[in-house]
Structure formats: C-alpha cells, structure tokens
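Colleague: Position in the sequence shown (first residue = 1) + 161 = my numbering. Heads up, the beta-carbon is just placed ideally off N, CA and C, and yes, glycines get one too.
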Amino acid sequence: MKCQNSIGEYIRSLKASPILGRQVVFHREVSATEACFSSPERPWSEEMQGLLEGSGISRLYAHQVSAIDLVRSGRHVVVSTPTASGKTLVYSLPVIEQILENPLSRALYLFPLKALAQDQMKAFRELTACLDREQAPTCATYDGDTSAWKRRRLRELPPNVLLTNPEMLHLSLLAHHEKWATFWQGLTHVVIDEVHTYRGVMGSHMAWVFRRMNRVCDHYGVSPILVFCSATVGNPSELTSKLSGLNVQAVAKNSAPHGRRHVIFINPEDGAAQTAIKLLRAALHRGLRTIVYTQSRKLAELINIWVRQRAGSMAGRISAYRAGYLPEERREIERKLSNGELLAVISTSALELGIDIGSLDLCLLVGYPGTVMATWQRGGRVGRSLQDSALVLIAQEDALDQYFMRNPEDFLRRPPESAVLNPENPVIMSRHIVCAASEITIRTDENWLNKKEILKAVSKLESKGKLLRSEDGKELYSALKYPQRGINLRGVGQTYQIVSGKDRHTIGAIDGFRAYRETHPGAVYLHMGESYVVDRLDIETRTVEVSSAKVDYFTRVRGNKNTEILEVFGKKGVYGTSVYLGRLRITDRITGYERRHVRGQRLLNIVPLDLPPQVFETEGLWIEIPGEVQKATEKAYMHFMGGIHALEHAAIGILPLLVLTDRNDLGGISTPYHPQVRKAAVFVYDGIPGGVGLSRQAFEKAEELLQKTLKVIESCPCELGCPSCVHSPKCGSGNRPIDKMAAIFVLKGIIENME
Numbered sequence: 162m163k164c165q166n167s168i169g170e171y172i173r174s175l176k177a178s179p180i181l182g183r184q185v186v187f188h189r190e191v192s193a194t195e196a197c198f199s200s201p202e203r204p205w206s207e208e209m210q211g212l213l214e215g216s217g218i219s220r221l222y223a224h225q226v227s228a229i230d231l232v233r234s235g236r237h238v239v240v241s242t243p244t245a246s247g248k249t250l251v252y253s254l255p256v257i258e259q260i261l262e263n264p265l266s267r268a269l270y271l272f273p274l275k276a277l278a279q280d281q282m283k284a285f286r287e288l289t290a291c292l293d294r295e296q297a298p299t300c301a302t303y304d305g306d307t308s309a310w311k312r313r314r315l316r317e318l319p320p321n322v323l324l325t326n327p328e329m330l331h332l333s334l335l336a337h338h339e340k341w342a343t344f345w346q347g348l349t350h351v352v353i354d355e356v357h358t359y360r361g362v363m364g365s366h367m368a369w370v371f372r373r374m375n376r377v378c379d380h381y382g383v384s385p386i387l388v389f390c391s392a393t394v395g396n397p398s399e400l401t402s403k404l405s406g407l408n409v410q411a412v413a414k415n416s417a418p419h420g421r422r423h424v425i426f427i428n429p430e431d432g433a434a435q436t437a438i439k440l441l442r443a444a445l446h447r448g449l450r451t452i453v454y455t456q457s458r459k460l461a462e463l464i465n466i467w468v469r470q471r472a473g474s475m476a477g478r479i480s481a482y483r484a485g486y487l488p489e490e491r492r493e494i495e496r497k498l499s500n501g502e503l504l505a506v507i508s509t510s511a512l513e514l515g516i517d518i519g520s521l522d523l524c525l526l527v528g529y530p531g532t533v534m535a536t537w538q539r540g541g542r543v544g545r546s547l548q549d550s551a552l553v554l555i556a557q558e559d560a561l562d563q564y565f566m567r568n569p570e571d572f573l574r575r576p577p578e579s580a581v582l583n584p585e586n587p588v589i590m591s592r593h594i595v596c597a598a599s600e601i602t603i604r605t606d607e608n609w610l611n612k613k614e615i616l617k618a619v620s621k622l623e624s625k626g627k628l629l630r631s632e633d634g635k636e637l638y639s640a641l642k643y644p645q646r647g648i649n650l651r652g653v654g655q656t657y658q659i660v661s662g663k664d665r666h667t668i669g670a671i672d673g674f675r676a677y678r679e680t681h682p683g684a685v686y687l688h689m690g691e692s693y694v695v696d697r698l699d700i701e702t703r704t705v706e707v708s709s710a711k712v713d714y715f716t717r718v719r720g721n722k723n724t725e726i727l728e729v730f731g732k733k734g735v736y737g738t739s740v741y742l743g744r745l746r747i748t749d750r751i752t753g754y755e756r757r758h759v760r761g762q763r764l765l766n767i768v769p770l771d772l773p774p775q776v777f778e779t780e781g782l783w784i785e786i787p788g789e790v791q792k793a794t795e796k797a798y799m800h801f802m803g804g805i806h807a808l809e810h811a812a813i814g815i816l817p818l819l820v821l822t823d824r825n826d827l828g829g830i831s832t833p834y835h836p837q838v839r840k841a842a843v844f845v846y847d848g849i850p851g852g853v854g855l856s857r858q859a860f861e862k863a864e865e866l867l868q869k870t871l872k873v874i875e876s877c878p879c880e881l882g883c884p885s886c887v888h889s890p891k892c893g894s895g896n897r898p899i900d901k902m903a904a905i906f907v908l909k910g911i912i913e914n915m916e
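#1: Using three-state DSSP, classify histidine 237 as helix, strand or coil.
#2: Which residues mark the beginning and the end of the beta strand (DSSP E) in which alanine 443 is found?
#3: Look up arginine 267 in the DSSP assignment and say whether it is helix, strand or coil.
#4: Could you round the C-beta distance between leucine 271 and proline 320 to whole angstroms and report it? I think they count as a contact, below 8 Å.
#5: What is the DSSP secondary structure of isoleucine 172, reduced to helix, strand or coil?
#6: Can you give me the C-alpha to C-alpha distance between valine 239 and glutamine 410, rounded to a whole angstrom?
#7: Assuming the contact rule is C-beta atoms closer than 8 Å, valine 468 and arginine 442 should be a hit. Round their C-beta distance to whole Å, please.
#8: So, helix, strand or coil for valine 383, using DSSP?
#9: Label serine 384 either buried or exposed according to how many other C-beta atoms from any shown protein chain fall within 10 Å of its C-beta, with 16 as the threshold for buried.
#10: Looking at leucine 523 and alanine 434, is the spacing between their C-beta atoms short of 7 Å?
#11: Is isoleucine 601 closer than 7 Å to arginine 376 when the C-beta atoms are compared?
#12: Keeping to the same chain, check which residues put their C-beta closer than 6 Å to that of cysteine 164; ignore five residues upstream and five downstream.
#13: Using only the alpha-carbon positions, how far apart do glycine 265 and lysine 283 sit?
#14: Straight-line CA distance for histidine 331 to glutamate 725?
#15: Between the Cα of serine 365 and the Cα atoms of Arg542, Ile805 and Lys403, which residue gives the shortest distance?
#16: Where lysine 909 and leucine 871 are concerned, what is the direct C-alpha to C-alpha distance, given to the nearest angstrom?
#17: Output the distance between the C-alpha atoms of serine 856 and serine 620, rounded to the nearest integer angstrom.
#18: Please list the terminal residues of the continuous beta strand (DSSP E) segment that includes serine 127.
#19: Determine whether the beta carbon atoms of leucine 261 and glutamate 208 lie at a separation below 7 Å.
#20: Given valine 506, which residues of its chain have a CB within under 6 Å of its CB, disregarding the five upstream and five downstream residues?
#21: Tell me where the beta strand (DSSP E) around valine 468 begins and ends.
#22: Please check the pair threonine 289 and leucine 212, which I expect to be a contact at CB under 8 Å, by giving their CB distance rounded to whole angstroms.
#23: Tell me where the beta strand (DSSP E) around proline 833 begins and ends.
#24: Does DSSP put glutamate 916 in a helix, a strand or coil?
#25: What residues in its chain sit with their C-beta under 7 Å from that of isoleucine 229, if we drop five residues either side in the sequence?
#26: Start and end of the alpha helix (DSSP H) containing isoleucine 516?
#27: Using the three-state DSSP reduction, which class does proline 850 fall into: helix, strand or coil?
#28: Taking its Cβ as the centre, do 16 or more other Cβ atoms sit within 10 Å of histidine 350, making it buried, or is it exposed?
#29: Assign proline 773 to one of three DSSP states: helix, strand, or coil.
#30: Closer than 7 Å by C-beta to alanine 811: which residues in its own chain qualify, once you throw out the five before and the five after it? Chain order, please.
#31: Residues in its own chain within less than 7 Å of histidine 919 by CB, not counting five upstream and five downstream?
#32: Spell out the partners DSSP gives alanine 841 in its beta bridges.
#33: Secondary structure at cysteine 378, three-state DSSP: helix, strand or coil?
#34: Taking its Cβ as the centre, do 16 or more other Cβ atoms sit within 10 Å of valine 845, making it buried, or is it exposed?
#35: Which residue wins for smallest C-alpha separation from glycine 743, given the options Cys390, Cys378 and Ala859?
#36: Given a threshold of 16 other Cβ atoms within 10 Å of its Cβ, counted over all protein chains shown, does lysine 732 qualify as buried or as exposed?
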C-alpha cells in the first residue's frame with residue numbers, strides 16, 4: 162500500500178541517488194489548479210435534470226457549458242482541452258437531449274480505434290442507466306468484428322447512437338448508404354473524437370471522407386451538427402474547418418481541475434531503456450501505479466520482460482500493451498489496469514488516446530514522443546484523481562531529445578503544435594472523387610467542383626476512364642463498382658500484404674510507398690517481437706514473402722535521390738539568402754542495403770539491390786546557399802558538401818519542433834550545385850506523394866527553422882557529429898560525407914549575412 166506522499170518521496174530518493182541524481186537535468190513543479198464551473202444558457206428539461214442527478218453530476222465545467230451551448234444552438238464546435246477534462250459530456254448530453262425530444266433522432270460517434278468505441282459505449286450506457294428502459298436511447302458499436310447478422314440488423318433497425326470508426330464510415334455507411342437510409346434520414350449529430358489524430362496522410366483522407374459524408378447528408382435532406390473533440394493542438398478551429406469543409410468554432414480554455422504535477426527530465430548515462438527499468442522498479446517498490454511509454458513495440462516487450470524477470474512476486478502485476486495484441490487481450494489489460502490489478506503497464510502510443518484505464522501516479526517516457534502535444538497527452542494519463550503525480554522524460558540520442566535536455570524551459574513555454582493536412586493532395590483527392598461518384602452521381606453544377614485543382618483531377622480521371630460523363634455532359638459516374646475497397650485511409654498507395662511460411666499466412670501489411678525501403682529483398686522485418694527476413698518483394702501481386710529468422714543484425718537502405726523543380730509557389734528572403742516553396746519531382750533510387758550489428762550498429766557488409774526507381778511529385782522547400790558562403794567554407798578548408806548534408810539532416814531532425822509531424826514523414830536532398838537553382842541548395846520535402854502541408858508550414862517558419870538548426874548543432878558537445886545533432890538514422894549514403902563544423906560555418910554565414 163503506497164503512502165499519500167510516495168510521489169514526493171520517490172522524487173527525493175531519485176534526486177538523492179549518487180548515480181541517477183546527477184542525470185536529472187530539470188525538475189519543475191506545475192501547481193494544482195481549481196475547477197471553474199458554469200450553468201447552461203438554457204435550463205435542462207426535467208428529464209435531463211434527472212439524468213444528471215442520477216449520474217452524480219451536480220455541476221459542469223465552464224468549458225463544457227460553453228461547448229454545450231454552441232451545440233444546442235446548432236453550431237459546429239471543436240473542444241480542444243487536455244486529457245480527463247470531461248469532453249464526453251460535451252457531446253453526449255446534447256445528443257441524449259435531442260433523442261429524448263425525438264426518439265427517431267440518430268447520432269454517429271466516430272473513433273479512430275475500436276477500443277475507444279467500446280469504451281465510449283460503456284460510458285454512454287452508464288450515463289443513461291437511470292432513464293426508463295422505454296426512454297433510454299439505444300446504442301451499438303459497428304466495426305470489423307461485427308457479425309453479418311448483426312450488421313444486417315443495425316442497417317434495418319439502426320440504434321439512436323452508432324459508434325464506429327473511419328474505415329466503416331468509408332467502406333459501409335457511405336459506400337452502401339442506401340442500405341443505411343433510415344439511419345441517415347434521422348441523423349442530427351456527428352461526433353468525431355480524437356480529431357488531432359486526423360492529420361498528415363490520414364487527415365487528408367478524412368477531409369474527403371467528411372466531404373463525401375456531407376454529400377450523403379444533402380442527399381437525405383439532413384444537416385447534422387458536428388462536434389469534434391481533440392487533445393490540445395495549436396490550431397483546433399483551422400484543423401477541423403479544413404477537415405469538414407465547414408465553419409467550426411473552438412472551445413480551448415480548460416476549466417477542469419488537476420493536481421500538482423512534477424515534470425522531470427533525465428539525460429541518462431546507461432541508455433534510456435536501462436534507466437527506465439531502474440525507475441520503474443523503484444516505483445513498483447513504492448506501489449506507484451505507473452505507465453511507461455516506448456517508441457516501438459519491440460522495446461515495450463523487452464522492457465516488460467526485463468522488469469518482470471527482476472520483479473519477483475510482483476511480476477504478475479506488470480504487463481506490456483501494444484497494437485498487435487488480440488482485442489480481448491487488450492480489453493483484459495485495460496480492465497486490470499483500471500481496477501488496480503495491474504500496477505504497471507509498458508505501452509506504445511496505443512494507450513495514448515482516451516481509453517479509460519483509471520488514474521495513475523507516474524508516467525515514464527522512454528524518449529521524447531516527437532511533439533509537445535503527444536508529451537502532454539501521455540502525461541495526462543497520471544493524476545486524474547487530483548493526486549500528486551509525475552511525468553519523467555528519459556532522453557535518447559536524438560536531436561529533439563537532446564534539444565530539450567539542453568533547453569528544458571523551452572519545453573514548458575512551447576505551445577502545442579499546429580496540425581496540418583492537405584485535402585488538395587492530388588493522389589488522395591482523385592481516389593475520393595471516384596468514390597463520391599460511385600455513391601451519388603456527381604452533378605457538374607455542384608459547388609465543390611469549382612476549384613481549379615478539383616477540375617484538373619476530374620479531367621485526368623475522365624482521360625483515364627475512371628470517371629464517365631453523361632451524354633448531356635451534366636453528370637459524372639464512376640467506372641468502378643466499389644472503388645472504396647482500394648483505399649487505405651492511413652496511407653498512400655496500394656497496400657502490400659506480408660506473408661510467411663509455406664501456407665503463406667498474412668502477418669502484416671505495409672503501405673506500397675514504404676515497401677521498397679522497409680521490405681526489400683534481404684530486409685529484416687520485425688513483427689510482434691519476432692524477426693523475419695524478406696525473401697521476395699513481388700511488385701505485380703503486391704506481396705512481400707518473408708521467413709522467420711533469428712538474426713543479430715538490422716538492415717538500412719542505401720541509395721540516391723534527384724529532385725526537379727516543377728513549380729514555384731512562393732519565395733522569401735531569410736537572413737542572407739532566399740527560401741522557396743514549390744512542387745517537386747523526386748526520383749528515389751535504392752541501390753543496396755547495409756547490414757549492421759544490433760549492438761553498437763557496426764557495419765557488417767553492404768548488399769547491392771536492383772530495384773526500379775520510385776518517382777513521385779510532392780511539395781517542398783529549398784534553401785539557396787549563397788556562392789560567397791560556399792567559397793568561404795572551401796577557403797577555410799572545410800568539407801562544403803559535408804556541411805550542407807549535415808545542415809539537411811539537422812533541419813529535418815528539428816522540424817517537428819515547429820510542425821506537428823515525425824521526421825520519417827519528411828525527406829531531404831542536399832546538392833553542391835542544382836542546375837535549376839544554379840547554385841548549392843538544401844531541399845526538405847513532404848515524404849508523401851502529393852504532399853500533406855508540412856513543407857508549407859515549414860516555409861512560413863523558415864527563419865526559426867534556421868535558428869533552431871544552428872542552435873542544435875552548436876550546443877551538441879560531440880566533435881565530429883552524432884545522432885543528437887547531424888546524423889540521420891535513414892540517410893541513404895550512410896551519413897557520409899558529414900562535416901559538423903562546416904554546417905555551423907554555413908549557417909552562421911547565412912544568418913549573419915556574410916558578404
């Protein structure tokens with residue numbers, strides 16, 4: 162049994178430790194805050210007042226009331242507040258009120274994960290449990306696990322509230338909307354939870370799913386109110402308006418209480434994983450309920466194994482949690498964590514979203530999650546019962562991790578990032594236009610067709626025979642019967658199935674755009690803690706054949722890239738140079754792969770590959786390197802190519818400070834002479850065909866990008882360059898050439914406007 166002050170004692174013990182204490186580089190107490198309450202503009206009905214009292218809800222937070230008032234007045238709204246701030250009541254109370262007034266009303270609840278839908282169905286039933294059985298709204302989940310007979314029953318007799326996910330909306334409710342006619346005809350509210358996850362590629366897809374949904378709603382003569390819920394992001398109104406194509410009002414001022422929270426940064430000497438194990442064992446000894454977040458499935462499993470081996474009788478109270486577990490296994494872990502049977506869980510980002518796991522005391526982050534938003538989202542898992550809690554970030558050898566170890570105050574000052582997406586991505590847009598035509602014939606006078614980019618996409622689809630025009634030219638039909646099946650909402654390009662063994666059973670899938678880099682012949686592929694070696698990549702059948710193998714090495718591709726500037730969108734002067742934004746054509750050639758030993762990353766050998774080049778168009782920015790800076794660098798006997806190569810790596814590594822993204826979503830090319838620029842240039846581009854808006858946002862923050870890049874390189878204590886500053890884990894040329902001092906020289910030359 163833990164004592165009330167065990168978090169305080171845990172932190173004092175940590176800082177007093179002769180070894181771990183010296184690794185604590187930052188500790189700050191974030192004070193507790195009091196709740197702020199309010200009352201709705203329009204009083205609740207007698208039935209609703211009884212429901213609130215029966216559920217033990219005597220007052221509502223001010224931000225809940227602000228959002229509820231907007232929803233009740235017919236406005237679309239986004240609530241962007243921290244974890245455990247009561248967002249569920251914001252949408253469920255107006256929905257229940259509407260259903261009590263008109264029992265034929267319907268609401269669609271959309272969640273990115275099945276587990277969230279199950280969790281919210283339980284919460285909805287608990288909220289309405291005090292209503293008479295005849296009165297209580299009906300609710301049901303609809304996902305890939307729903308049986309055929311239940312699906313038919315849901316279509317014929319739809320519940321008041323249907324809880325589902327983006328894939329089922331895309332593949333069923335929209336694609337076969339006529340079978341759901343009763344549901345669509347009564348639709349009054351659409352709830353989109355965890356909307357901050359709809360960014361980048363998935364966000365660009367979802368923007369079109371919602372536009373298709375708007376067309377279906379128009380077809381059935383309904384105009385549902387949209388309620389978005391999000392973690393704290395920098396641009397909630399802009400994000401949701403861009404997603405939905407509608408005007409959405411934001412409520413972002415949190416008025417829920419929280420307990421005192423300790424924020425601690427540790428720069429470990431023994432590695433992040435080993436340090437996390439020591440900290441977790443100390444927490445278990447004190448009975449602190451703990452969640453550990455890792456950056457990979459494999460590391461979550463390894464930490465779980467290592468801790469359990471040393472935990473003695475407490476081993477049964479520790480578990481890993483990640484995607485890849487069976488649904489019933491995940492539900493069991495969630496249940497045990499919520500009721501206290503489990504004392505610690507080691508998780509990937511799978512437990513970052515709002516699944517109810519009760520109140521925890523301690524959150525250990527093994528590596529910076531990549532964004533300020535995700536860090537606070539994970540940290541929001543602790544202290545839900547208003548008790549003292551702690552968030553501990555254990556740094557890895559990564560540019561962002563080390564930036565915050567050296568600039569911890571910047572983390573606390575930094576606002577959450579803005580989420581970006583690009584509905585005008587031509588690849589994604591074209592596929593959804595065909596879907597829209599297959600669902601409801603497109604009339605050429607529809608307003609959304611007026612945009613130049615959409616008209617261009619329609620013209621291309623007609624020339625390819627994917628859209629057919631009526632004889633009078635006023636209607637467009639899909640040439641494909643069920644185009645929805647060919648779209649992966651969470652990726653770009655066709656999906657490759659990964660099969661193993663003589664029976665060729667499927668063990669996973671990979672987006673076609675990533676297949677060349679991650680599942681080329683000879684690649685080591687990790688799945689559920691097991692290693693496989695790729696035997697064959699079949700481009701025609703989109704199949705990856707693998708064999709189980711225990712190997713002591715990992716693989717990394719080598720190659721080269723060329724870029725062609727197709728169109729310039731913008732130009733601006735930045736310090737002593739110019740930065741451009743435009744459309745690029747990237748030619749990516751994979752020429753071979755490295756085998757490196759797991760321990761120490763020692764290069765074992767290089768294996769050549771003969772794969773066709775990947776050619777795609779995307780959006781990117783490029784930084785001109787002034788000729789005077791190049792001459793001065795070479796005159797100082799520094800390696801100019803190594804300098805701009807290092808600059809490229811560092812800029813991509815630090816860009817997630819400015820844009821809500823992962824460095825793996827970006828690509829880069831540095832060249833000592835580009836024929837179109839007519840001088841040296843560094844290119845940074847969206848690593849997704851068509852682009853998702855990352856480079857556009859980076860272009861707007863070009864000055865800050867150059868400043869931060871210089872700061873990261875200069876402040877790193879290494880001599881020649883390392884993963885904390887200028888080395889990239891995915892460099893196609895093996896981080897050669899790299900010249901850290903030349904990168905500093907070039908950046909200073911630009912920023913100080915060297916003549």
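Modeller: With the given structure in hand:
#1: Position 76 of the sequence shown holds residue 237. Correct three-state label for histidine 237: coil.
#2: What you label residue 443 is simply residue 282 of the sequence shown in a count that begins at 1. Run containing alanine 443: none in the beta strand (DSSP E); it sits in the alpha helix (DSSP H), 433-446.
#3: In the sequence shown, counting from the first residue as 1, residue 267 sits at position 106. It is a strand residue.
#4: Translated into positions along the sequence shown, residue 271 becomes position 110. Translated into positions along the sequence shown, residue 320 becomes position 159. The pair is not a contact, with the Cβ atoms about 15 Å apart (cut-off 8 Å).
#5: Here residue 172 refers to the residue found at position 11 when the sequence shown is read from its first residue. Here isoleucine 172 sits in helix by DSSP.
#6: Counting from 1 along the sequence shown, the entry for residue 239 is found at position 78. Counting from 1 along the sequence shown, the entry for residue 410 is found at position 249. Cα to Cα, the separation comes out at about 6 Å.
#7: Mapped onto the sequence shown, residue 468 falls at position 307. Mapped onto the sequence shown, residue 442 falls at position 281. Sure, about 7 Å apart at Cβ, within 8 Å.
#8: Taking the first residue of the sequence shown as position 1, residue 383 is located at position 222. Residue state, collapsed to three classes: coil.
#9: As a working note, residue 384 is residue 223 in the sequence shown. That one is exposed.
#10: Start at 1 with the first residue of the sequence shown, and residue 434 comes out as number 273. Start at 1 with the first residue of the sequence shown, and residue 523 comes out as number 362. Taking 7 Å as the Cβ cut-off, alanine 434 and leucine 523 do not qualify as a contacting pair.
#11: Position 215 of the sequence shown, counted from the start, is the residue given in the question as residue 376. Position 440 of the sequence shown, counted from the start, is the residue given in the question as residue 601. Yes, the pair counts as a contact, with Cβ atoms nearer than the cut-off.
#12: For this step, residue 164 is matched to residue 3 along the sequence shown. Here cysteine 164 scores only 45 on pLDDT, less than 50, and its place in the model should not be relied on; the value that follows carries that caveat. Here the set comprises nothing.
#13: Your numbering for residue 265 matches position 104 in the sequence shown. Your numbering for residue 283 matches position 122 in the sequence shown. The question names glycine, but residue 265 in the sequence shown is leucine. Looking at the two C-alpha atoms, the distance is approximately 22 Å.
#14: On the sequence shown, residue 331 is found 170 positions in, with the first residue counted as 1. On the sequence shown, residue 725 is found 564 positions in, with the first residue counted as 1. The alpha-carbon atoms of histidine 331 and glutamate 725 are separated by roughly 35 Å.
#15: Translated into the one-based positions of the sequence shown, residue 365 becomes position 204. The option with the nearest alpha carbon to serine 365 is Lys403.
#16: Locating residue 909 in the sequence shown gives position 748, counting from the first residue. Locating residue 871 in the sequence shown gives position 710, counting from the first residue. Each residue's alpha carbon lies about 8 Å from the other.
#17: Translated into positions along the sequence shown, residue 856 becomes position 695. Translated into positions along the sequence shown, residue 620 becomes position 459. Serine 856 and serine 620: Cα-Cα distance of roughly 27 Å.
#18: Outside the displayed span of the chain (162 to 916) sits residue 127, for which this structure offers no information.
#19: Within the sequence shown, the letter at position 100 stands for residue 261. Within the sequence shown, the letter at position 47 stands for residue 208. The answer is yes: Cβ separation under 7 Å.
#20: Counting from one through the sequence shown, the residue named residue 506 turns up at place 345. Excluding residues within five positions, the ones whose Cβ falls inside 6 Å are Ile452, Ser480, Tyr482 and Leu498.
#21: Looking up residue 468 in the sequence shown gives position 307. Not the beta strand (DSSP E): valine 468 falls in the alpha helix (DSSP H), residues 458-471.
#22: As a working note, residue 289 is residue 128 in the sequence shown. As a working note, residue 212 is residue 51 in the sequence shown. Going by Cβ atoms, the distance from threonine 289 to leucine 212 rounds to 7 Å, so yes, they are a contact pair.
#23: Start at 1 with the first residue of the sequence shown, and residue 833 comes out as number 672. That run of the beta strand (DSSP E) goes 827-835.
#24: Taking the first residue of the sequence shown as 1, we reach residue 916 at position 755. Residue placement at glutamate 916 cannot be trusted, given a pLDDT of 42 that sits under 50; the coordinates are not used to answer.
#25: Taking the sequence shown and counting its residues from 1, the one referred to as residue 229 is at position 68. Around isoleucine 229: Pro201, Val251, Leu254 and Pro255.
#26: In the sequence shown, the residue the question calls residue 516 occupies position 355. Careful: isoleucine 516 lies outside any alpha helix (DSSP H) and carries neither H nor E.
#27: For the purposes of this step, residue 850 is taken as the residue at position 689 of the sequence shown. DSSP places proline 850 in coil when its eight states are reduced to three.
#28: For the purposes of this step, residue 350 is taken as residue 189 along the sequence shown, with counting starting at 1. Histidine 350 should be labelled buried.
#29: Here residue 773 refers to the residue found at position 612 when the sequence shown is read from its first residue. DSSP places proline 773 in coil when its eight states are reduced to three.
#30: Here the question's residue 811 lines up with position 650 in the sequence shown. Cβ neighbours of alanine 811 beyond the five flanking positions: Ala560, Thr870, Val873, Ile874, Cys886, Val887 and Ala904.
#31: What the structure shows of the chain is the stretch from 162 to 916, and residue 919 is not part of that stretch, so it cannot be assessed.
#32: In the sequence shown, the residue the question calls residue 841 occupies position 680. Beta-bridge pairing links alanine 841 to Ile786.
#33: Here residue 378 is taken as the residue at index 217 of the sequence shown, counted from 1. Here cysteine 378 sits in helix by DSSP.
#34: Residue numbering aside, residue 845 sits at position 684 when the sequence shown is read from its first letter. Label assigned to valine 845: buried.
#35: Here residue 743 refers to the residue found at position 582 when the sequence shown is read from its first residue. The shortest C-alpha separation from glycine 743 is found at Ala859.
#36: Within the sequence shown, residue 732 is the residue found at index 571, counting from 1. By the neighbour-count rule (16 or more Cβ atoms within 10 Å), lysine 732 is not buried but exposed.
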